[in-house]
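Reviewing the structure listed below.
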Amino acid sequence: MKRYRNSIILLVIAVITLGTFYVRVGLSASNLPEIYIKNEYGDKNEASPILLSSIYSKGSRSEPVSITQKGSSYSSQKSFIDQLEPVDFNLEKLNKLQKEERQFMRGKKDSNGFYIENNFIVYGRMDYSYDSNHQVSGIHFKIYTLDKKNNETQSFDIPAPLNGSYSYINITDVQVIGKELKIITSGYSNKSFTAIQEYSINLVKKEVVNHSTIVQGQNEVNGIRNDISGPQEVDVTEPKNYEVATKVVTKETVGVDGNQPSSKELSSNVMVYNLKTNQIETPKMSQEKINKLAHSTRLFQQGDIVYSITQDDKGMDVLKYNLKLQKIVSEQRFLNSSFGTNSVNDFKIKNDKLYVVSTKNIDNSLPSIMVVDLQTNKPIYKGRVVIKNNNNKDMKDNMVKLFSNNIYIN
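All the letters of the sequence shown, read from the start, carry residue numbers 1 to 410 under full-length UniProt numbering.
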């Protein structure tokens with residue numbers, strides 16, 4: 001009887017605690033303003049895929065908030081279950097998939113591990129073990145597939161060859177070319193060694209049939225530093241045929257006798273890995289253009305197209321390169337003034353459109369958004385973030401600030 005009495009007491013405490021939690025969340029959420037993107041110019045449908053991730057701040061209160069055309073969603077407004085298991089995919093298609101295919105999506109949180117084509121979905125995960133020196137001693141790929149059309153799922157485990165000594169390895173992309181699954185990984189070691197590698201897995205035989213190193217190098221040895229990076233995927237789940245990586249080698253000189261340290265660039269390269277042929281190709285452009293790509297503020301890739309954006313104080317240069325045709329398609333310069341701003345907070349490219357979120361100055365921290373068609377280089381949409389008051393009217397509140405304005409395109 002005592003055991004049952006204790007169970008009842010614990011249940012009552014849990015109900016009271018959860019009730020208090022929901023009441024506090026409800027009271028807290030009721031004091032939060034509605035924020036949304038208001039259309040100012042162009043077709044409002046151009047803003048429908050835009051999600052602005054910001055930090056709402058007023059007085060001593062700060063909270064993450066997501067803003068769209070339809071309104072805002074605050075972190076504290078999430079349900080208790082969502083806060084325990086947050087749905088944090090930046091791609092709405094993955095949030096939708098998580099709701100539709102709960103069993104298949106269970107435990108799958110890394111966007112980079114997904115490949116989606118029509119009704120066929122693949123998810124790749126990596127498990128690895130360590131030795132006594134805290135280096136990776138072995139890796140296994142865990143592969144999951146879902147055929148939505150036939151409602152069939154499969155999973156299998158594959159041991160993979162380990163080339164080099166790593167303290168950490170992660171999957172950066174998953175692709176399917178014919179009957180082969182391509183997994184791209186980035187590896188780092190305690191000795192500042194970096195490598196981007198490709199594993200080809202035969203989906204019929206369920207074994208690794210090719211393992212290639214796309215680029216590698218010591219981050220710093222004897223003053224020589226290798227900076228290795230790759231483009232940001234517009235949609236990492238979409239099919240593509242090429243993997244792109246950049247490498248800049250710099251010689252660092254330590255200052256002596258009061259002299260300042262200096263650096264000298266030794267080389268810069270762009271590697272294009274053909275996922276069909278497993279061969280590395282060099283972009284067909286001048287060394288000047290290769291240097292520009294290697295030193296981009298940000299690279300974007302969508303399918304066979306790479307976009308290079310280089311920023312300075314006055315604006316940005318956008319270079320578009322077709323990986324399949326191996327040629328520069330276009331180059332264009334955009335001044336900050338053309339976006340009606342002095343400060344660009346963030347930008348993205350998708351479907352040949354440039355999305356820019358910006359603020360005019362510190363005192364006017366509510367951002368504006370502009371969409372530019374990169375085929376015509378003309379703006380096709382402009383909007384601004386506004387706040388609604390209790391009467392559902394736009395208001396100007398200088399006490400409200402939005403920070404860390406990052407833009408996502410679904």
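No residue lacks a Cβ here, since even glycine has one placed at the ideal position from N, Cα and C.
Have a look at the DSSP bridge pairing and note the partners of residue i.
i           : result
residue 415 : For residue 415 there is no data in the structure shown, the boundaries of the chain being 1 and 410.
E216        : A small fix is needed here, since residue 216 is Gln in this sequence, not Glu. In DSSP, Q216 forms a bridge with A195.
F403        : I55
R61         : K58
T68         : Answer by DSSP bridge pairing: none, since T68 is not bridged.
N345        : BP columns for N345 are empty, so no partner.
G42         : Y381
S75         : Bridge partners of S75: none, in fact.
N202        : E180 and E207
N226        : V249
L354        : I349 and V372
When we look at the beta-carbon of residue i and count the other beta-carbons within 10 Å, is it buried (16 or more) or exposed?
i    : result
G383 : buried
S54  : buried
V221 : exposed
R333 : exposed
V236 : buried
Y22  : With a pLDDT of 42 at Y22, under the threshold of 50, the modelled position of that residue is not reliable, and the figure given next carries that caveat. So Y22 ends up on the exposed side.
S186 : buried
K240 : buried
With a CB to CB cut of under 6 Å and the five nearest residues on each side skipped, what residues in its chain are close to residue i?
i    : result
Q154 : T145
M370 : F339, V356, P379 and K382
S189 : S165, Y166 and S167
Flag this pair as yes or no: are the beta carbons of residue i and residue j separated by less than 7 Å?
i           : j    : result
Q301        : P231 : yes
Q218        : S167 : no
V176        : Y115 : yes
V208        : I196 : no
residue 432 : F339 : Shown here, the chain extends from 1 to 410; a query on residue 432 therefore has no answer.
T172        : I184 : yes
Y199        : E243 : no
I37         : V344 : no
P64         : S48  : no
L374        : D352 : yes
S212        : N278 : yes
L299        : V270 : no
Less than 7 Å between C-beta atoms, sequence neighbours within five positions excluded: which residues of the same chain meet that for residue i?
i    : result
S137 : S129, Y130 and D131
N291 : S268
I158 : H140, F141, I143, I201, K206, E207 and V208
N322 : D304, I305 and V329
Who are the near neighbours of residue i in its chain, counting only those whose CB is closer than 8 Å to its CB and skipping five residues on each side?
i    : result
I9   : Since pLDDT at I9 reaches only 49, below the 50 mark, its modelled position is unreliable, and the value read off the structure follows with that caveat. So the list is empty, once near-sequence residues are dropped.
V254 : G223 and P261
Ranges of the beta strand (DSSP E) found wholly within the stretch 251-279, counting only runs of at least 3: 262-274
Unbroken stretches of the alpha helix (DSSP H), 4 residues or longer, contained in the stretch 99-181: 102-105
Continuous alpha helix (DSSP H) assignments of at least 4 residues falling wholly in the stretch 276-316: 287-294
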